[in-house]
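Below is one structure, written out as structure tokens, with a few remarks after it.
Numbering (my numbering), first residue to last: 2 to 419.
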């Protein structure tokens, strides 16, 4: 279907076409590209070819160093951009296929590129939308009968995170220092986090012509403001989090780093993998109700690779396990009149499934450290050790289509001596 050679089982099929921001040694300027096979299509070199009805006046967005400009356009422009890119890469279109000079300028090997954050993230919000995860954590700390807080099935619970420490895949994450209280009957202590954890999540970027402050986003047009998705690792310092959590929730236990995959998979690409939404009981309030399928079958995998060793799979989960949909998260976030901006990042919260093998954090997998995990090299983990690299991947497969997100990786490096 494309004149580009796409290896079998590539994450970046002709049906995918995710956006990212990259640079190369010969051209260090950050620029927007689309992944296809082992290549990147450099959109800055072909901005003049976006000459359709809607984009002819917006070609400059493809020459920017972030995706925010494209994200800020109406959804109809996103659809036209995707259709234009698909046409240019199609085997039947000679514009790039037969132009050796232009093709040599706009096609870059991924192996030669350095990936960067795809957007300038103004605000980052993390939700708590997996019923199995919330039940597991609540059971550990409050008991089975009080696992869920009374509000959990009425509102998509969330908190405002730290946008400045959202980083692209491959960025090392330093073990944080902070206050902890290892023994309840003793005073708190200061020092390196002992219970370093990952959280398997996905996140979406806000886009579209968003309403001004005081004007909520309605469910009927929520889809107009969801640009695309990434895989995310929300690193967590569980012992710091436990001591600081009451009464205002996550703070230093969550802000040492949040890693995202570099490629943003568009919602158009994910449409073939829509599945029934999680059955919600009780029924949400009217402003949160929608009948269209906006849950997706994205297979998720987490591996831990010790220093100098081989990766060991520790979790296999799926985006479809989320109780609250992205539309519900976005609409609830804005119902107070909170203004959303293109490039804002909204995350799912840890995605755990019903089986122990699908639990999306070490806290759950080791059940608060009581059930150590055995890795391929024979070593055990209750929580992450210095030198461990966490690898998360997401992929949709079926109907002869493969849509991959690529990997989000991060290596835990030792805490600073203070």
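Using N, Cα and C, we set each Cβ at its ideal position, and we do this for glycine too.
Here the structure is a predicted model, which is why all the values come from computation and not from measurement.
Buried or exposed by the 16-neighbour rule on C-beta atoms within 10 Å, applied to residue i
i, result
"residue 110", "exposed"
"residue 417", "exposed"
"residue 306", "buried"
"residue 14", "buried"
"residue 216", "exposed"
"residue 381", "exposed"
"residue 84", "exposed"
"residue 309", "exposed"
"residue 143", "exposed"
"residue 330", "buried"
"residue 20", "buried"
"residue 247", "exposed"
"residue 210", "exposed"
"residue 366", "buried"
"residue 251", "buried"
"residue 17", "buried"
"residue 125", "buried"
"residue 188", "exposed"
"residue 81", "buried"
"residue 219", "exposed"
"residue 204", "buried"
"residue 384", "buried"
"residue 363", "buried"
"residue 114", "buried"
Reduced DSSP category for residue i - H, G, I as helix; E, B as strand; rest coil
i, result
"residue 182", "coil"
"residue 28", "strand"
"residue 412", "strand"
"residue 202", "strand"
"residue 164", "helix"
"residue 40", "strand"
"residue 275", "strand"
"residue 68", "coil"
"residue 15", "coil"
"residue 194", "coil"
"residue 404", "strand"
"residue 142", "helix"
"residue 136", "helix"
"residue 302", "strand"
"residue 152", "coil"
"residue 353", "coil"
"residue 289", "helix"
"residue 332", "helix"
"residue 318", "strand"
"residue 347", "strand"
"residue 323", "strand"
"residue 358", "helix"
Contact belief for residue i with residue j at Cβ below 8 Å, rounded distance in angstroms
i, j, result
"residue 37", "residue 7", "7 Å"
"residue 419", "residue 147", "The pair is not a contact, with the Cβ atoms about 38 Å apart (cut-off 8 Å)."
"residue 281", "residue 324", "7 Å"
"residue 212", "residue 340", "7 Å"
"residue 170", "residue 262", "5 Å"
"residue 73", "residue 208", "7 Å"
"residue 134", "residue 358", "Incorrect: roughly 14 Å between the Cβ atoms, too far for contact."
"residue 90", "residue 3", "5 Å"
"residue 296", "residue 326", "6 Å"
"residue 361", "residue 200", "6 Å"
"residue 159", "residue 128", "4 Å"
Interface flag, residue i vs chain D, CB-CB below 8 Å
i, result
"residue 89", "As a matter of chain content, chain D is missing from the structure shown, which is built from one protein chain."
Residue i CB to nearest heavy atom of the ligand ZN below 7 Å
i, result
"residue 18", "As for the ligand ZN, it is missing from this structure, which has no ligand bound."
What residue ranges within the segment 375-402 form continuous beta strand (DSSP E) runs of no fewer than 3 residues, ordered along the chain?
With a minimum length of 3 residues, the continuous beta strand (DSSP E) runs that stay inside the segment 375-402 are 390-399.
Measuring CB atoms only, is the segment 237-244 touching the segment 327-346, in the sense that at least three cross pairs come out at less than 8 Å?
Segments in contact, no.
Pairs of beta-carbons, one from the segment 282-302 and one from the segment 393-401, closer than 8 Å: are there three or more?
With a cut-off of 8 Å, the segment 393-401 and the segment 282-302 count as touching, because enough Cβ pairs lie within range.
Contact between the segment 381-393 and the segment 138-154 is defined here as three or more beta-carbon pairs at a separation below 8 Å; is this criterion met?
Output reads no: the segment 138-154 does not touch the segment 381-393.
Quick check on the DSSP output: what are the complete beta strand (DSSP E) runs of length 3 or more inside the segment 211-285, in order along the chain?
Inside the segment 211-285, DSSP marks whole beta strand (DSSP E) runs of 3 or more residues at positions 227-235 and 259-261, from first to last along the chain.
Kindly confirm or deny that the segment 67-81 and the segment 116-123 touch, where touching means at least three C-beta pairs closer than 8 Å.
A contact exists between the segment 67-81 and the segment 116-123.
Completely contained alpha helix (DSSP H) runs for the segment 45-123, where each covers 4 or more residues
Within the segment 45-123, the complete alpha helix (DSSP H) runs of at least 4 residues are 69-72, 76-90, 95-98 and 101-107.
Should the segment 190-197 be regarded as contacting the segment 98-114, the criterion being three or more beta carbon pairs within less than 8 Å?
Touching, no, given that fewer than three Cβ pairs across the two stretches are closer than 8 Å.
Do the segment 179-193 and the segment 158-167 touch if we need at least three Cβ pairs shorter than 8 Å?
Contact between the segment 179-193 and the segment 158-167 is absent, because fewer than three Cβ pairs lie under 8 Å.
Three-pair Cβ contact test at 8 Å for the segment 263-272 versus the segment 283-291:
Too few Cβ pairs lie closer than 8 Å, so no.
Okay, do the segment 218-236 and the segment 368-380 touch, 3+ Cβ pairs below 8 Å being the bar?
The answer is no - the segment 368-380 does not touch the segment 218-236, with fewer than three Cβ pairs under 8 Å.
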